[in-house]
Amino acid sequence: MVRALICLELILNSINLNLVTFSDLFDSRQLKGDIFAIFVIALAAAEAAIGLSILSSIHRCTQCVRACPTDVLEMIPWDGCKAKQIASAPRTEDCVGCGSIFFLIGVLGMGLYGSNEPGLDLERLINQSYPATLEILLYFGFLIAYAVKLPIIPLHTWLPDTHGEAHYSTCMLLAGILLKMGAYGLIRINMELLPHAHYLFSPWLVIIGAIQIIYAASTSLGQRNFKKRIAYSSVSHMGFIILGIGSISDTGLNGAILQIISHGFIGAALFFLAGTASDRMRLVYLEELGGISIPMPKIFTMFSSFSMASLALPGMSGFVAELVVFFGLITSPKFLLMPKALITFVMAIGMILTPIYLLSMLRQMFYGYKLFNVPNANFVDSGPRELFILICIFLPVIGIGIYPDFVLSLSVDRVEALLSNYYPK
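Residue numbers in the sequence shown follow the numbering used here, run continuously in steps of one, and reach 490 at the last position.
As structure tokens, this is what we get:
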């Protein structure tokens with residue numbers, strides 16, 4: 066289980082790091098700060114996420130969990146230091162920092178309990194047993210910490226504001242790395258180290274995941290700022306990860322891992338496209354947009370393609386991930402038929418709302434003639450640099466959609482071993 070997740074996380078982190086730093090270094094006209102400093106901060110954030118994936122000590126994982134969001138959030142006010150950006154950075158840091166407090170308390174509780182020689186080695190903690198009450202408390206503490214980072218409703222409110230104000234390179238790091246750290250922690254810590262509590266809490270995770278899918282999708286439909294609409298779309302897609310983790314089935318957990326990888330690419334690409342479009346138009350509200358598909362056909366084509374991937378068009382990674390999670394819930398031995406049917410119905414409503422808010426966003430942005438007829442409008446289409454970044458992200462989205470075994474082969478055996486060792490059938 067550990068090696069499979071390490072491989073997947075390293076692939077995702079490395080690709081996102083290279084694309085983000087490549088974007089920043091060659092886009093100095095957008096950033097008024099020090100480009101080299103941006104590069105160093107982005108590098109530090111990705112290295113912290115990689116450290117979380119490979120370290121075997123939960124103490125060092127704690128340092129990485131705290132360092133990665135700190136590095137990412139340092140980048141929020143960099144693009145011109147606008148008042149809203151400066152205000153959103155401390156608020157986001159406070160939210161993520163409060164979650165890290167619960168993580169630290171859980172780590173100390175694990176390390177100090179039941180041993181004459183306190184230690185935080187993950188391999189030792191896997192074999193550690195806890196009293197039922199203590200295990201539930203530890204699980205709940207880690208759950209709050211990761212609920213902020215993932216995020217899980219109602220601890221999600223910091224994310225749309227951050228995405229709405231941050232530079233697109235920061236949004237790419239948030240969508241591609243920081244959010245996935247929460248999902249990784251739920252599997253690596255909560256599910257593997259605290260299996261009895263996870264078995265007890267799993268029905269609640271499934272319920273929360275289903276509610277999150279439909280709630281965030283409904284909220285996204287009402288957003289006027291298209292960057293915030295994409296942010297709420299990310300929150301909705303995180304619901305599928307929560308559902309897969311809570312299903313306690315081989316298929317569901319593999320689907321959650323596939324969704325972690327898939328959304329890392331799709332979410333990063335959508336925020337990159339949103340940033341490049343808003344930089345050209347200097348507009349972010351949908352009612353002010355319209356008709357930009359004619360002057361910017363390349364951006365329109367790529368924006369439409371990644372939107373199709375996000376709404377789970379067959380042949381793309383989003384479709385495979387959501388379908389595997391769906392079948393994982395249906396085949397889970399943990400739940401009775403009626404709860405499965407109810408959760409499936411709620412999931413279906415969320416999946417119907419997804420194309421509604423994405424296609425309506427595309428219609429308002431790219432169709433019509435509002436901006437095309439603006440006097441002296443001079444919109445520049447994507448250049449080679451931006452197309453290179455988008456193609457690098459689009460290839461794995463198509464590849465995973467056509468051949469998902471490339472990812473599943475790394476995780477299926479470890480997932481089966483984890484569930485057979487710790488969870489009853």
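Just so you know, even glycine gets a beta-carbon here, dropped at the ideal spot from N, CA and C.
Handout entry: alpha helix (DSSP H) runs contained entirely in the segment 324-404, provided each spans 4 or more residues
Key = Correct list: 362-375 and 382-395.
Problem - Residues that DSSP places opposite Lys486 in a beta bridge - result: The displayed chain sequence assigns Asn, not Lys, to residue 486. DSSP, once it has assigned bridges, lists no residue as partnering Asn486.
Problem - Asn192, DSSP secondary structure in three states - result: In the structure shown, Asn192 falls within a coil segment according to DSSP collapsed to helix, strand and coil.
Handout entry: Backbone CA spacing between Leu286 and Gly415 [nearest angstrom]
Key = Those two C-alpha atoms are separated by around 11 Å.
Problem - Proximal residues to Leu388 (C-beta, below 6 Å), its chain only, five neighbours per side dropped - result: Within the same chain, Leu388 has no close Cβ partners at all.
Practice task
Give me whichever residues DSSP pairs with Asn290 in a beta bridge.
Solution key: Beta-bridge partners assigned by DSSP to Asn290: Tyr350.
Problem - Classification of Gly448 by the beta-carbon crowding that lies within 10 angstroms, buried from 16 upward - result: Exposed, by the Cβ-count rule.
Exercise for the section: Count the C-beta pairs between the segment 213-233 and the segment 318-330 that are closer than 8 Å, then say yes if the count reaches three, no if not. Expected result: Touching, no.
Exercise for the section: Note down the Cα distance separating Tyr233 from Leu348, rounded to an integer number of angstroms. Expected result: If you take the alpha carbons of Tyr233 and Leu348, they lie about 14 Å apart.
Exercise for the section: For my contact list, Gly247 and Leu215 are in at a C-beta cut-off of 8 Å; report their separation, rounded to the angstrom. Expected result: Between Gly247 and Leu215 a beta carbon distance of about 3 Å is seen, short of the 8 Å cut, so the two are scored as contacting.
Handout entry: Inter-residue CB distance, Ser476 and Ile322 (contact presumed, cutoff 8 Å)
Key = The C-beta distance from Ser476 to Ile322 rounds to 5 Å, short enough to meet the 8 Å contact threshold.
Problem - C-alpha gap between Met367 and Met430, whole angstroms - result: Between the alpha carbons of Met367 and Met430 lies a distance of about 13 Å.
Practice task
Give me the Cα-Cα distance between Gly466 and Ser375, rounded to the nearest whole angstrom.
Solution key: When only Cα atoms are considered, Gly466 and Ser375 end up about 12 Å apart.
Handout entry: Cβ neighbour criterion (16 or more within 10 Å) applied to Glu352
Key = When all chains shown are included, Glu352 counts as exposed.
Handout entry: Coarse secondary structure for Thr227, derived from DSSP in three states
Key = Residue state, collapsed to three classes: helix.
Problem - Local conformation of Pro469 per DSSP, three classes - result: Shown here, Pro469 sits in coil according to DSSP, grouped into three states, outside any helix or strand.
Handout entry: Cβ neighbours of Cys163 in the same chain (closer than 6 Å, five flanking residues each side left out)
Key = Nothing listed; no residue qualifies.
Handout entry: Nearest candidate by alpha-carbon position, reference Ser382, set Ala212, Ser485, Asn255 and Phe471
Key = It is Phe471.
Problem - Exposure of Met303, with buried meaning 16 or more beta-carbon neighbours within 10 Å - result: Buried, since its Cβ has 16 or more Cβ neighbours within 10 Å.
Problem - Identity of the residue in Lys292, Leu354 and Tyr350 nearest Asp226 by Cα - result: The candidate whose alpha carbon is nearest that of Asp226 is Lys292.
Handout entry: Boundaries (first-last residue) of the alpha helix (DSSP H) holding Ser234
Key = Run containing Ser234: Tyr233 to Leu238, per the alpha helix (DSSP H) assignment.
Practice task
For Asn486, count neighbouring C-beta atoms within 10 Å of its own C-beta (all shown protein chains included) and say buried if the count is 16 or more, exposed if not.
Solution key: With fewer than 16 other beta carbons inside 10 angstroms of its own, Asn486 counts as exposed.
Problem - Cut-off 8 Å between Cβ atoms - residues of its own chain near Glu357, not counting five sequence neighbours on either side - result: The sequence shown places Ile at residue 357, not Glu. The beta carbon of Ile357 sits closer than 8 Å to those of Ala342, Met346, Ile364, Phe365, Met430, Phe431, Leu436, Phe437 and Phe444, all from its chain and outside the five residues before and after it, given in chain order.
Problem - Straight-line Cα distance separating Ala281 from Ile272 - result: Computed Cα separation, rounded: 14 Å.
Problem - Integer Cβ distance of Lys264 from Ile331, believed to fall under 8 Å - result: The question names Lys, yet the displayed sequence has Tyr at residue 264. Not confirmed; about 31 Å, so no contact.
Problem - Pro398 versus Leu258: straight-line alpha-carbon distance, rounded - result: Our two residues, Pro398 and Leu258, have alpha carbons roughly 21 Å apart in a direct line.
Practice task
Can you grab the Cα-Cα spacing for the pair Phe101 / Thr235, in whole Å?
Solution key: In this prediction, Phe101 scores a pLDDT of 47, lower than 50, which makes its location untrustworthy; the coordinate-derived value is nonetheless stated afterwards. Here the alpha carbon of Phe101 sits roughly 15 Å from the alpha carbon of Thr235.
Problem - Gly380 versus Gly464, Phe392 and Leu203, residue with shortest Cα-Cα distance - result: For the residues Gly464, Phe392 and Leu203, the minimum Cα distance to Gly380 belongs to Gly464.
Problem - Contact set for Phe254: own chain, Cβ-Cβ below 6 Å, skip 5 residues either direction - result: In the sequence as displayed, the identity of residue 254 is Ile instead of Phe. Apart from sequence neighbours up to five positions away, the residues of its chain that approach Ile254 with a beta-carbon distance below 6 Å are Phe207, ordered along the chain.
Exercise for the section: Would you decide whether Pro362 is buried or exposed? Buried here means 16 or more other CB atoms lie within 10 Å of its CB. Expected result: Pro362 should be labelled exposed.
Practice task
Identify the continuous alpha helix (DSSP H) that holds Tyr211 and give its terminal residues.
Solution key: DSSP places Tyr211 inside the alpha helix (DSSP H), whose first and last residues are Ala197 to Lys214.
Handout entry: Inter-residue Cα distance where the pair is Asn319 and Arg428
Key = Each residue's Cα considered, the two are about 34 Å apart.
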